[in-house]
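Q: The following block contains the structure, expressed as structure tokens.
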Amino acid sequence: MTQPTADFPMVATPRREAIVARLLALPISYFGTLALLACAGLLRPNLLQPFLLLLILRQTAPLGVAVLGQSLCVRLLSIDLSYGGVAMAVSYIMTSGYLPLSEPALILICLLFGVAVGATNAFFIARLNASSVIVTLAMALILGGVVTAFSQLRAPGDAPAFLRYVGQVRIGILPIAVLVWCALLVPVAAFLRTSTFGRYVEAIGASPRAALASGIPYVRVVFLAHVLSSLFAVVSAFLILGFVGVGSLSIGADLALNSLAAVILGGVSFGSDRGGALGPSVAGFMLMFCFNLLTSFGLGEPGKQMAQGAIIALAAVAYAVRGGKQEK
Amino acid sequence: MSAARPGLFGRSGLGVVSLGLPVVMFVLLAFGAQDFFSVENVTNVNNQITALAIVSLGQLLVALIGGMDISVGSAISLTSVILVSLGSWVAVPVALALGVAIGLTNGVGVALFGVHPLIMTLASMTFVQGLALLIRSGAGGTVPTVLVDLAQGHVFWLPAALYWCIAAIAFASLLLYGLRFGLRLFAIGSNAQSAALNGVRVAGPRLTCYVLCSLSGVVAGVYLTGRIAAGDPSMGQPFGLDSVTAVALGGVQLSGGVGSVLGATLGTITLGLITNGMNLLGVSPFFRGVLTGLLLLCAISLQRRKAIGI
Amino acid sequence: MQTHAHAPSSPVSGELGIAVEFCGITKQFARIAALTDVSFAGEAGTVHAITGENGAGKSTLMKMLAGAHAADAGEILLGGRPLLVANPAEARSAGVATVFQEATLLPNLTVAENLFLGREPRRNGLIDRGAMRRQAEDILEKIGVDLNVNVACGDLAVSEQYLVEIAKATAQDARVVIYDEPTAALDAQGVEKLFRLIDEQKRSGKLIFYISHRMGEIFDICDTTTVLKDGRHVRTCRTAELTRDGLVALMVGREIGHLYPPRKPRPAEAPVALSVDDFAPIRGGPAVSFSVYRGEIVGLAGLEGQGQRDIVRALAGIAASPAGEARKHDRQGRQTRLRPSVVAVVKAGVGFIPEDRKSEGLYLSLSIERNIGLGMLRRAPLASRAQIDKERIRQLMRAMNVRARDARQVVSALSGGNQQKVMIGRWLAAGIDVLLVEEPTRGVDVGAKAEIYRLLREFADQGGAVLLTSTELTEHLGLCDRILVVRGGEIVAQLPAASATEEMVMRYALLGRPQEGPVQ
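Below you can see the structure in the form of structure tokens.
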């Protein structure tokens, strides 16, 4: 047992050291984005045109929305890898015409579907205490299989008008998709910062055992987090569908992986959150920019996958080394 | 920090589910499917589950120390494309070397840096899958004849697949039950701190398990490529989660310390019989993924975990 | 404890020489000094007690000898030569065997496998299980333990597991054997076996370090006693030269009387705060019935592992399926049934303080303000705005005398005593009026102990009720108003603490219910 004698530093750390320390503690995504922009400036300067940057920003919007959900899960020591399946299902529901209903009705159905998926995930994770990676991967398998089987009978079609409007149109120079992203980002960030729910998320991430023993409604919080996560996945799918214009089975296939990478790069590690809401959002942009850069170098889909894998691995190792220990 | 308590049969993890399921499946198919006992079907089943059996044994090792490796599938895929891209004598050693490299990467990330095994293997799975697609974008190519014969041939009228299975099971059993290494794996999986206090090295064996698991992927890839006689960069895709499902169905506790070779094998048989059943009954192949997902959910719901979170 | 019979110990000879010498050992954990300049020697062929209050540094010092920690300064001499070990395995090879307080057995390995883990016998490269079994049986026979070596250790009772731990240490045939609070996990029979074994080991020339703070044992079997206090060496001398009170004074550094705040007699009409009827923490197991009144501090005493923890945790809502009734009565007399859900229990106004504050009690990476603030959210709906009264937090910190830079200090940097106060502060801020406490002063220095006792007493005086468990009998005798002695999961005696003595409590703890009638 340690023998405690209160012992606090009497000398205040010099201001300059404190500033440098704060800078170094910033999420990797800030430095990464700067580095990539510099790299592009040297090798592919046309990527830095404002028009293209805005295009990349629009590409990032769906990822940014998904990141909101993923970062919430990760802060709670959980994870949601079912985004691919959810996106496939949403794309199919909206475009296959299986359900002959009006567009607003279909949108509502998709949102309810998202709630159902999130609730099911949360049931296994929070009540049965199962591994969230396995549960959400299994969910992705199930959804993917069901949608693929259905699509053999009836192929997906065109995206409905409203979604196409949201996904492709601009207001001034800003794409509506980006506005939707911001419209979700700001309230969510504010809510997490000021609400009781946000405090509980922080506590559970810091020590789930202490949270359980001190009466924090762990199950309710995790439930809500996963429902929100799936809802964000649904909105993200709307944005992608709107932009692409047609339903397809590969919509959102790497949404889960990219959102995880963005979350890790953005400073949110399991159980803690040093990146706030901005870090992961910047990381999302960084990833999209990186993929575009790689494409401009001639690297196709395989190259993108290798980049995804390498980025996640390096980011995870970097954070593990920095000082977060990840419990099993 | 207490760990997994042994179940019905001690730390083998065998119980009602793991022993009963294969029997139930067997009975169901025997009565429900017409061609179940035909020679063709039995050889078919054997062929199909051989690759999964090999990979599940690798997954067993990693699960025993409390980890997980979902990148084995992409190791299979990578092996497959390498075998059709390089000359006969170079291909297999190169594939093995790459398998070791993947395993070392996983192991170093998990055991030395403390990254969560699922995140690390998810990352390596994506990377290796991309690499496989880079080397060869579609199925095809010619496989060296010697490998095809090894996979498809017969010895003493029994299919080669059976020998592959037996060899894998024998090797795994020797490792787990004959060597000190195996006993220490059970100790590490149960409580790594206590094991370390007893003088057991923890990092080394953990690393070894991940390397062995990736190598099992390579071996399974060699077998599968020989059987199909073609290279296919998406060959290994279902095996990652399938191997986890198989070991979970076999009573292996994913939190570590409990499991057995018999259990992993039984779980593989169950999964193989289910797939076979679906084929015989004409169920759409797309539902296979759905079924795996549902089975996985059931299997992990039955496991009681102490750890909270990911 | 004088209820056992043991072989008379041989007089300390000193002829066998010094086996272990500590020279100027200093150790810090994250800027908190655990040990400062500790120096003394232990002689071969003696039983050497290492004693002191909780947090004195006994375990830390012995862990260094066992190779689990390295000293920041100073050195340890083993047989005259410096002990340079990097891990427990090397310490084992050097001849130091340790029987830890927390069993280091692997529950999924058999007794034989546990005994030989790390040095399994081999034949032709493969494990020789036959030899392992035979040798394991031999070892157990030598110390007089009768267990099936093929049983998994997870299936053994706690006391049996501890005997296997002892067997493991014995098998090493080391020069130095360290026992860390051994009798905590043993029953009377096991204690007898242990003392016989220790005597044998002593006679064969080993040095036995015996960590304990139980007076009875120290005076019974230990030849030499070393007292540590606040991480410093106080005194090492022959046990025969000490008296009980003298030893206590050395350990505590002040009169016990000043450590505990004065008790007020409970008024006869004090309302009930917590009523427990036929409550079994595990369905089908032993049940208890008792009440805790407002203004009282009630202690669940007894030997370790007799069910006190289970009772408290089940009341707190942590046990899965208890049977029976537990009700909280609020100040207006309304009753709320305590369901097996922590959230419901906390809503009802009952707070739980676990013994392991680092892993279950505090949010170490968060600040004091966040930790205490979470208590204020007890009744808040999920979507509401988090109303944290920062002024109240500052008030509480002042009232509890939490020594920290300010409320934004991260809790992990605080001392044990201050951490404990933050935990209590969280419940005070939450406005609960019944506290369930496990080990109120584990790992807390003496100064903070007095403050924590004062806090609990004030809480009770203002109408709260406290139910606590503790392994330190003096705590029960000094702090509590009533002591409920627990044995085998049942309450075997109820004593007013003011008139109870250590002997009385231990008698009930060891022997159980007196012949006359049931107790309430």
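Residue numbers (our numbering), protein chains in the order written: chain A, 1 to 328; chain B, 1001 to 1310; chain C, 2001 to 2520. Beta carbons: idealized from backbone N, C-alpha and C, even for Gly. Please read all numbers here as calculations on a predicted model, not as lab measurements.
Below 8 Å on C-beta distance, what does residue 152 of chain A contact in chain B?
A: The residue labelled residue 152 of chain A in the question sits at position 152 within the first sequence. What residue 152 of chain A touches in chain B: 1284 and 1286.
Q: When the cut-off is 8 Å and only beta carbons count, does residue 198 of chain A lie next to chain C?
A: The sequence position of residue 198 of chain A within the first sequence is 198, counting from 1. Residue-level contact check: residue 198 of chain A touches chain C, since one or more beta carbons of chain C fall below 8 Å from its beta carbon.
Q: How many Å lie between residue 55 of chain A and residue 1227 of chain B at the Cα?
A: Counting from 1 along the first sequence, the entry for residue 55 of chain A is found at position 55. Counting from 1 along the second sequence, the entry for residue 1227 of chain B is found at position 227. About 47 Å.
Q: So, helix, strand or coil for residue 2236 of chain C, using DSSP?
A: The residue labelled residue 2236 of chain C in the question sits at position 236 within the third sequence. Strand, per DSSP.
Q: Can you pull the chain B neighbours of residue 133 of chain A, defined as C-beta to C-beta under 9 Å?
A: Counted from its first residue, the first sequence places residue 133 of chain A at position 133. Within chain B, the residues near residue 133 of chain A are 1068, 1070, 1116, 1118, 1119, 1122 and 1310.
Q: With a threshold of 16 other CB atoms inside 10 Å of the CB of residue 2049 of chain C, please say whether the residue is buried or exposed.
A: Against the third sequence, residue 2049 of chain C aligns to sequence position 49. Burial call: buried.
Q: In terms of residue numbering, what span does the alpha helix (DSSP H) encompassing residue 2369 of chain C cover?
A: Along the third sequence, read from residue 1 onward, the residue named residue 2369 of chain C stands at position 369. Run containing residue 2369 of chain C: 2368 to 2376, per the alpha helix (DSSP H) assignment.
Q: Output yes or no for whether 8 Å exceeds the beta carbon distance between residue 1112 of chain B and residue 1051 of chain B.
A: In the second sequence, residue 1112 of chain B corresponds to position 112, counting from 1. In the second sequence, residue 1051 of chain B corresponds to position 51, counting from 1. In this structure, residue 1051 of chain B does not lie closer than 8 Å to residue 1112 of chain B by Cβ.
Q: Residues of chain E with CB closer than 9 Å to the CB of residue 2120 of chain C, please, in chain order.
A: Among the protein chains in the structure shown, which are A, B and C, there is no chain E.
Q: Going along chain C in order, which residues have a C-beta closer than 7 Å to the C-beta of residue 16 of chain A?
A: Walking along the first sequence from the start, residue 16 of chain A turns up at place 16. What residue 16 of chain A touches in chain C: nothing, since even the nearest Cβ is about 21 Å away.
Q: Quick one: list the residues of chain B neighbouring residue 139 of chain A, beta-carbon separation under 9 Å, in chain order.
A: Start at 1 with the first residue of the first sequence, and residue 139 of chain A comes out as number 139. Here the neighbours are 1293 and 1297.
Q: Are residue 2367 of chain C and residue 2410 of chain C close, meaning C-beta to C-beta below 8 Å?
A: The sequence position of residue 2367 of chain C within the third sequence is 367, counting from 1. The sequence position of residue 2410 of chain C within the third sequence is 410, counting from 1. Contact: yes.
Q: Comparing the C-beta of residue 1275 of chain B with each C-beta of chain A, is any distance below 8 Å?
A: Position 275 of the second sequence, counted from the start, is the residue given in the question as residue 1275 of chain B. Output row for residue 1275 of chain B: interface = no.
Q: Check the Cβ-Cβ distances between residue 328 of chain A and every residue of chain B, and say whether any is below 8 Å.
A: The residue given as residue 328 of chain A occupies position 328 in the first sequence. Interpretation of residue 328 of chain A is limited by its pLDDT of 29, a score under 50 that renders its predicted location unreliable; the figure taken from the coordinates is listed afterwards. Yes, because at least one Cβ of chain B sits closer than 8 Å to the Cβ of residue 328 of chain A.
Q: Would you kindly report the start and end of the unbroken beta strand (DSSP E) that includes residue 2226 of chain C?
A: Taking the third sequence and counting its residues from 1, the one referred to as residue 2226 of chain C is at position 226. 2224 to 2229 is the extent of the beta strand (DSSP E) around residue 2226 of chain C.
Q: Tell me which same chain residues have a C-beta within less than 7 Å of the C-beta of residue 1160 of chain B, skipping the five on either side of it?
A: Start at 1 with the first residue of the second sequence, and residue 1160 of chain B comes out as number 160. For residue 1160 of chain B, where only same-chain residues beyond five positions count, the Cβ hits under 7 Å are 1150, 1151, 1152, 1153 and 1154.
Q: Looking only at its chain, what residues have a beta carbon closer than 6 Å to the beta carbon of residue 2325 of chain C, apart from the 5 residues adjacent to it on each side?
A: The sequence position of residue 2325 of chain C within the third sequence is 325, counting from 1. Same-chain partners within the cutoff: 2277.
Q: Answer with yes or no whether the minimum CB distance from residue 2359 of chain C to chain A is below 8 Å.
A: Translated into positions along the third sequence, residue 2359 of chain C becomes position 359. Yes, residue 2359 of chain C counts as interfacial toward chain A.
Q: Any idea what DSSP makes of residue 2063 of chain C, helix, strand or coil?
A: Here residue 2063 of chain C refers to the residue found at position 63 when the third sequence is read from its first residue. Residue 2063 of chain C: helix per DSSP, three-state reduction.
Q: Leaving aside the five residues before and after residue 2034 of chain C along the sequence, list all residues of the same chain whose C-beta is less than 8 Å from its C-beta, in chain order.
A: Here residue 2034 of chain C corresponds to residue number 34 of the third sequence, with the count starting at 1. Excluding sequence neighbours, residue 2034 of chain C sits near 2027, 2028, 2057, 2060 and 2231.
Q: Pop quiz: residue 1263 of chain B and residue 1012 of chain B are said to be a contact at Cβ under 8 Å. What is the actual Cβ separation, rounded to whole angstroms?
A: If you number the second sequence from 1, residue 1263 of chain B lands on position 263. If you number the second sequence from 1, residue 1012 of chain B lands on position 12. About 6 Å separates the two Cβ atoms, so the contact holds.
Q: My guess is that residue 1248 of chain B and residue 1168 of chain B are in contact by the Cβ rule of under 8 Å, so how many angstroms apart are they, rounded?
A: Here residue 1248 of chain B corresponds to residue number 248 of the second sequence, with the count starting at 1. Here residue 1168 of chain B corresponds to residue number 168 of the second sequence, with the count starting at 1. Rounded, the Cβ-Cβ distance is 19 Å, inconsistent with contact.
Q: Taking beta-carbon pairs under 8 Å, can you tell me which members of the stretch 1231 to 1254 of chain B lie near chain A?
A: Of all residues in the stretch 1231 to 1254 of chain B, only 1241, 1244 and 1254 place a beta-carbon less than 8 Å from a beta-carbon of chain A.
Q: Note down the Cα distance separating residue 2105 of chain C from residue 2127 of chain C, rounded to an integer number of angstroms.
A: The count along the third sequence starts at 1 and reaches residue 2105 of chain C at position 105. The count along the third sequence starts at 1 and reaches residue 2127 of chain C at position 127. Going by the C-alpha atoms only, they are around 19 Å apart.
Q: In or out: residue 1157 of chain B buried (at least 16 other Cβ within 10 Å) or exposed?
A: Mapped onto the second sequence, residue 1157 of chain B falls at position 157. Looking at its Cβ environment, which holds fewer than 16 other Cβ atoms inside 10 Å, residue 1157 of chain B is exposed.
Q: Does any residue of chain B bring its CB to less than 8 Å from the CB of residue 2267 of chain C?
A: For the purposes of this step, residue 2267 of chain C is taken as residue 267 along the third sequence, with counting starting at 1. By this cut-off, residue 2267 of chain C is not an interface position.
Q: To which residues does DSSP link residue 2491 of chain C through a beta bridge?
A: As a first step, residue 2491 of chain C must be located in the third sequence, where it is residue number 491. Note: residue 2491 of chain C sits in a beta bridge opposite C/2486.
Q: Taking only runs of the alpha helix (DSSP H) that begin and end inside the stretch 149 to 221 of chain A, which ones reach a length of at least 4 residues, in chain order?
A: 161 to 168, 176 to 194, 196 to 206 and 208 to 213
Q: Look at residue 88 of chain A and residue 228 of chain A and say whether their C-beta atoms are less than 8 Å apart.
A: Here residue 88 of chain A corresponds to residue number 88 of the first sequence, with the count starting at 1. Here residue 228 of chain A corresponds to residue number 228 of the first sequence, with the count starting at 1. For residue 88 of chain A and residue 228 of chain A, no; Cβs fall outside 8 Å.
Q: Should residue 330 of chain A go down as buried or exposed, given a rule of 16 or more other Cβ atoms within 10 Å for buried?
A: With chain A covering only 1 through 328, there is no way to say anything about residue 330 of chain A.
Q: Could you check whether the Cβ of residue 2107 of chain C sits closer than 8 Å to any Cβ belonging to chain B?
A: Numbered from 1 along the third sequence, position 107 holds the residue referred to as residue 2107 of chain C. So, interface residue.
Q: I want to verify the contact list: residues of chain C whose CB lies under 8 Å from the CB of residue 209 of chain A, in sequence order.
A: For the purposes of this step, residue 209 of chain A is taken as the residue at position 209 of the first sequence. The answer, in chain order, is 2359 and 2360.
Q: In terms of residue numbering, what span does the alpha helix (DSSP H) encompassing residue 1196 of chain B cover?
A: Here the question's residue 1196 of chain B lines up with position 196 in the second sequence. Residues 1192 to 1197.
Q: Is the stretch 1276 to 1283 of chain B in contact with the stretch 1173 to 1193 of chain B, if contact means three or more CB pairs nearer than 8 Å?
A: no
Q: Would you check if there are 3 or more beta carbon pairs closer than 8 Å linking the stretch 2369 to 2383 of chain C to the stretch 196 to 207 of chain A?
A: yes
Q: When you compare only the Cα positions, how much space is there between residue 1138 of chain B and residue 1195 of chain B?
A: In the second sequence, the residue the question calls residue 1138 of chain B occupies position 138. In the second sequence, the residue the question calls residue 1195 of chain B occupies position 195. Their Cα atoms are separated by approximately 47 Å.
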